[in-house]
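First to last, the sequence lines map onto chains A and B.
All residue numbers for the first sequence refer to my numbering, where the first residue is 30 and numbers rise by one.
All residue numbers for the second sequence refer to my numbering, where the first residue is 5 and numbers rise by one.
For glycine and all other residues, C-beta sits at the position ideal for the given N, C-alpha and C.
Since we're looking at a predicted model, the values are computed, not measured.
Everything on this sheet refers to the single structure shown next.
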Amino acid sequence: MSTNSTGGIKPKHQRLVLLVIALVALVGAGLLAAYALSNQASYFYVPSDLVKDKPEQGRAIRLGGMVEKGSLKTRADGVTIDFIVGDGKARVPVRYTGITPDLFVEGSGVVAEGRMEGETFVADNLLAKHDEKYVPRQMGDMTAAQAKEVVAETK
Amino acid sequence: MHGFANPARFLRLARWMMPLLLVTGLLLAMGAVLYGVIVVPPDRLMGDTVRILFIHVPAAWLGMAGWSTIAIASLVELVWRHPLAAIAGRAAAVPGATFTAICLATGSIWARPTWGTWWVWDGRLTSFLILLFLYFGYIALSGAAQRDMAGGGGGSRITAIFGLVGAINIPIINRSVVWWNSLHQPPSITMGKSSIDGTFLWPLLIAALGFSLVFGGVVLARMRTLLADIQAEARLRRKAMA
């Protein structure tokens, strides 16, 4: 360990410097790759993406956002629902026929798999997106104003 | 630090640390999980399914902590040639992989009733599955390096380099829900802030502490085993030479 042939620098320090340089290069490469992936690696589009950059009609995509309060309506057949998905900047009407997950409620997050048909997003499948908050049920019975605040925070 | 490089001194320390960590950890983890299952009230939206939180989150934390251990041990092995570092890295791989698998399994079970699916290929889930595959690769590589070492090769260094390179996945897992839209929710606990209510947070932190102590105990136990293996092998070789 104490002998060295490269003059001045201990091999221990030489190895440390080499490894630090290698690690910096590696982390840089990883971050660049992650940055380049930023759009492709997203699991879904948000409504403002769809409005800004209209996807082809009929192409299979995923749409994610918040189910707008008061927008959820069940049609006469009892299994088809209409609702609006918004992200605070844009809103997209969604139609879905089938059974919804338990956590699918107004004011909560949703990811819909389907395609654009005209101006409407027709979903084949709905996934509920939970927010990062964990609150016991007793506190769930808060006033409408408080609930609204929670929903606004999770947007 | 080189004071601990002496395996004999390390073994004396590990002999009483290991049972202490295992027993305290098991008591804390079991207590917190039981408390979470029996006492804690249901979540406002998820109801009783929230109780899986007390296993899922500690498992996720230890899956990532396991690879961080491997990465630090690899760095120490490569730079300072610390004789125990390679053993520490190898000892952390199997428990780390186990917790990663537990995290993926409990997450999948949790996702079915809450999200409505067992699995999606979003950023968080995919990067965590990659972590499990990295563990498998590391375990296979370190096993091969050990056999190679018996023949006088330097395979241990390749294992350490793999351990360091694999560490790039850890910040990616951590940031995946921030960088990319994902079905998995953003982090609940960030820099001193928590959006988990206290009734869930305290048992969760105690469960995480308990499982971490168990993890530490298992790592020490495996390090003792690996050291004993190396000693036995060296003795056999001496006998064969004589």
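Taken atom to atom, the span from the alpha-carbon of F204 of chain B to that of T118 of chain B is near 18 Å. Less than 7 Å divides the Cβ of P76 of chain A from the Cβ of R120 of chain A.
With 16 or more other CB atoms across the displayed protein chains lying within 10 angstroms of its CB, T163 of chain B is buried. Taken through DSSP and simplified to helix, strand or coil, E97 of chain A comes out as coil. Taking a contact as a CB-CB distance under 8 Å, the pair L156 of chain A and G120 of chain B counts as one, their CB atoms being some 5 Å apart. Your pair V108 of chain A and L187 of chain B does not check out as a contact, with CB atoms roughly 24 Å apart and the cut at 8 Å.
Under the rule that a run must span 4 or more residues, the alpha helix (DSSP H) segments found entirely inside the stretch 59-84 of chain A read 76-81. Along the stretch 98-121 of chain B, the positions whose C-beta sits under 7 Å from a C-beta of chain A are P117, T118, W119, G120, T121, read in chain order.
Look at E135 of chain A: its C-beta is not under 7 Å from any C-beta on chain B. DSSP lists A:V114 as the beta-bridge partner residues of V121 of chain A. The beta-carbon of N10 of chain B is placed no less than 7 Å from the nearest beta-carbon of chain A. Of all residues in the stretch 174-188 of chain B, the ones placed with a Cβ closer than 7 Å to any Cβ belonging to chain A are I176, W183, W184, N185, S186, L187, in chain order. Shortest Cα-Cα distance from A95 of chain B to any of B:F219, B:A238, B:A236, B:L240 involves B:F219.
In this structure, DSSP gives A105 of chain A a state outside helix and strand, which the three-state scheme calls coil. Closest by C-alpha distance to P84 of chain A, out of A:D160, A:Y163, A:E161, A:G143, is A:G143.
For D116 of chain A, not one C-beta of chain B is nearer than 7 Å to its own C-beta.
Going by beta carbons, I234 of chain B and G167 of chain B fall outside the 7 Å limit.
Residue-level contact check: D152 of chain B does not touch chain A, since none of the beta carbons of chain A fall below 7 Å from its beta carbon.
The stretch 195-212 of chain B and the stretch 36-46 of chain B touch, with three or more beta-carbon pairs separated by less than 8 Å. Chain-order list of chain A residues neighbouring F204 of chain B: Y163, by C-beta distance under 7 Å. In the structure shown, M145 of chain A falls within a strand segment according to DSSP collapsed to helix, strand and coil. With contacts defined by Cβ atoms closer than 7 Å, W114 of chain B and I193 of chain B do not form a contacting pair. Remark: fewer than three beta-carbon pairs, one from each stretch, lie closer than 8 Å, so the stretch 74-91 of chain B and the stretch 118-137 of chain B are not flagged as touching. Listed along chain A are E161, K162, Y163, each with a C-beta nearer than 8 Å to that of S192 of chain B.
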